[in-house]
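Heads up: the sequence shown begins at 979 in the numbering used here, then just goes up one per residue.
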Amino acid sequence: MKHQSDILALKYRPKDFSDLIGQEYLVDTIQKSIQLNKIPNAYIFTGIRGVGKTTTARIVAKMLNCTSFDTSNKPDLLNCDQAKAITEDRHPDVIEIDAASNTSVENAREIIENVKYNPVLGKYKVYIIDEVHMLSKSAFNALLKTLEEPPPHSKFIFATTEIRKVPITILSRCQRFDLQRVLSDTLIEHLKWVCDQENIKASLESLQIITRVSGGSVRDALSLLDLSLIHI
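Here it is in C-alpha cells:
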C-alpha cells in the first residue's frame, strides 16, 4: 500500500498560485484584489471535481494571513510560517468544514458562534466550506445574516460542484469564480513534468489517454497516472 505522501494527487497538490494550472484569470483577479486590499466577505468557487476548488480556497486563506504581505505585494507562501501552518492543517484560524457531513442548522450556528471571536494567530479567521450546496435550507438561512454583516476579521470561502443548488441569497453575497476544466495540452505538459520529477517513463500516447479520460480534472489525471504506473 502506498504511503499517503506518495500519492501523486496529494504530493503535487499546489501550495501557492504558481503551482495552480489552467486557472490564470482566477489567479490574476484574486491576487490583485488582495494586493489592493479589496477583499470580499466571501468567495465561492465552482467547477467539476478535481480542478482545484478546495486547493484554491487554501491558497487564498494563506494569502489572507501571510505576514509577508506587510512588506511585499508578492508573498512567499512557501517560506511563510502562517502559510506553512495552513498547509499542515494546524492553523487555528483556518477552519475547513465538509458540508456533506455537517448539513444541519446546528452546524451553521456553531460557525456563527465562532465567527465573533478574534483570530488567534492570523489576520483573519477563514471558514472553508466544501460542497456548500449540501447545507440544509435552515443552515443557509442561519448563515445568511453573518454573510450580510460579517466581522471584519472573518472571511468565508465556499466550494461546490453544484452551484445551481446554492440559494441566490447566498450567491449574491459572494464573489464567484468558475474554475475551468484544464485544457488537454496544459494537462499533458503537467503530467510530463510530474513524470520527470518521479522518474516515470510514460509514452505520450499513455498521457493523452489519461488526459482524455480525466475530463480536464488535474486530480483525476494524477490519480489515473498513479493507477497506470504498473502498465506504462
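We treat Cβ as the ideally placed atom computed from N, Cα and C, and that holds for glycine.
Only counting the same chain, and skipping five residues up and downstream in sequence, which positions put a Cβ closer than 7 Å to that of Ile1178? On the sequence shown, position 200 is the one that residue 1178 refers to. Result list for Ile1178: Leu1207, in chain order.
Among the residues of its own chain, which have a CB less than 6 Å from the CB of Gly1194, if the five just before and after it don't count? Counting from one through the sequence shown, the residue named residue 1194 turns up at place 216. Correct list, in chain order: Arg1159 and Val1160.
Assumed close pair Ile1211, Ile1037 - CB separation to whole angstroms, cut-off 8 Å: Shown here, the chain extends from 979 to 1210; a query on residue 1211 therefore has no answer.
Using DSSP with H/G/I as helix, E/B as strand and the rest coil, what is Tyr1022? For the purposes of this step, residue 1022 is taken as the residue at position 44 of the sequence shown. Looking at the sequence provided, one finds Ile at residue 1022 rather than Tyr. Reduced to three states, the DSSP call for Ile1022 is strand.
Taking the straight line between their C-alpha atoms, what separation do you get for Met979 and Pro1129? Residue mapping note: residue 979 aligns to position 1 of the sequence shown, counting from 1. Residue mapping note: residue 1129 aligns to position 151 of the sequence shown, counting from 1. Low per-residue confidence applies at Met979: pLDDT is 40, beneath 50, and the placement is therefore not dependable enough to give any value.
Using alpha carbons as the reference points, say which of Gln1186, Asp997 and Ala1061 lies closest to Lys1170. Here residue 1170 refers to the residue found at position 192 when the sequence shown is read from its first residue. It is Gln1186.
I think Ala1061 touches Ser1201, with their Cβ atoms under 8 Å apart; what is that distance to the nearest whole Å? Counting from 1 along the sequence shown, the entry for residue 1061 is found at position 83. Counting from 1 along the sequence shown, the entry for residue 1201 is found at position 223. Wrong, their Cβ atoms sit about 26 Å apart, outside the cutoff.
My parser needs the beta strand (DSSP E) runs of 3 or more residues fully inside the segment 1122–1197; what are they? Inside the segment 1122–1197, DSSP marks whole beta strand (DSSP E) runs of 3 or more residues at positions 1132–1138 and 1153–1156, from first to last along the chain.
Quick one: measure Cβ to Cβ for His1111 and Glu1140, integer angstroms, because I've assumed they're closer than 8 Å. In the sequence shown, residue 1111 corresponds to position 133, counting from 1. In the sequence shown, residue 1140 corresponds to position 162, counting from 1. Cβ-Cβ separation between His1111 and Glu1140: approximately 4 Å, consistent with a contact (criterion under 8 Å).
Let's see if you can read the secondary structure: which residues bound the beta strand (DSSP E) around Glu1074? One-based indexing of the sequence shown puts residue 1074 at position 96. DSSP places Glu1074 inside the beta strand (DSSP E), whose first and last residues are Val1072 to Asp1076.
Measure the alpha-carbon distance for His1069 versus Glu1183 and round it to whole angstroms. Position 91 of the sequence shown, counted from the start, is the residue given in the question as residue 1069. Position 205 of the sequence shown, counted from the start, is the residue given in the question as residue 1183. Distance from the CA atom of His1069 to the CA atom of Glu1183, rounded to whole angstroms, is 42 Å.
Per DSSP, Tyr1105 forms a beta bridge with which residues? As a working mapping, residue 1105 is identified with position 127 in the sequence shown. DSSP lists Ile1073 and Phe1134 as partners of Tyr1105.
Neighbour-count burial assignment, Asn1078, 16 or more Cβ in a 10 Å radius: For the purposes of this step, residue 1078 is identified with residue 100 of the sequence shown, where counting begins at 1. The sequence shown places Ala at residue 1078, rather than the Asn named in the question. Counting Cβ neighbours within 10 Å, Ala1078 comes out exposed, since fewer than 16 surround it.
Does the Cβ of Ala1199 have 16 or more other Cβ atoms within 10 Å, making it buried, or fewer, making it exposed? Residue mapping note: residue 1199 aligns to position 221 of the sequence shown, counting from 1. So Ala1199 counts as buried.
Other residues of its chain near Asp1071: CB distance less than 8 Å, five sequence neighbours each side excluded: Locating residue 1071 in the sequence shown gives position 93, where the first residue counts as 1. Asn1043, Pro1097, Val1098, Leu1099, Gly1100, Tyr1102, Lys1103 and Val1104.
DSSP three-state label for Glu1066, please. Translated into positions along the sequence shown, residue 1066 becomes position 88. It is coil, neither helix nor strand.
Quick check: the Cα distance between Leu1125 and Cys1173, rounded to an integer number of angstroms? Reading the sequence shown from its first residue, position 147 is the one you call residue 1125. Reading the sequence shown from its first residue, position 195 is the one you call residue 1173. Taking the straight line joining both Cα atoms gives about 43 Å.
Relative to the alpha-carbon of Ala1180, which residue among Asp1054, Thr1065 and Ile1166 has its alpha-carbon at the smallest distance? Looking up residue 1180 in the sequence shown gives position 202. The shortest Cα separation from Ala1180 among Asp1054, Thr1065 and Ile1166 belongs to Ile1166.
CB-CB length for Thr1034 against Leu1157, believed under 8 Å: Position 56 of the sequence shown, counting from 1, holds the residue named residue 1034. Position 179 of the sequence shown, counting from 1, holds the residue named residue 1157. Here Thr1034 really is in contact with Leu1157; their C-beta atoms are around 7 Å apart, less than 8 Å.
Straight-line gap, Pro1053 to Thr1045 (C-alpha atoms, nearest Å): If you number the sequence shown from 1, residue 1053 lands on position 75. If you number the sequence shown from 1, residue 1045 lands on position 67. Taking the straight line joining both Cα atoms gives about 8 Å.
Return the CA-CA distance between Gly1000 and Val1196, expressed in angstroms with no decimal places. If you number the sequence shown from 1, residue 1000 lands on position 22. If you number the sequence shown from 1, residue 1196 lands on position 218. The alpha-carbon atoms of Gly1000 and Val1196 are separated by roughly 9 Å.
DSSP on Asn1015, reduced to helix/strand/coil? Reading the sequence shown from its first residue, position 37 is the one you call residue 1015. Correct three-state label for Asn1015: coil.
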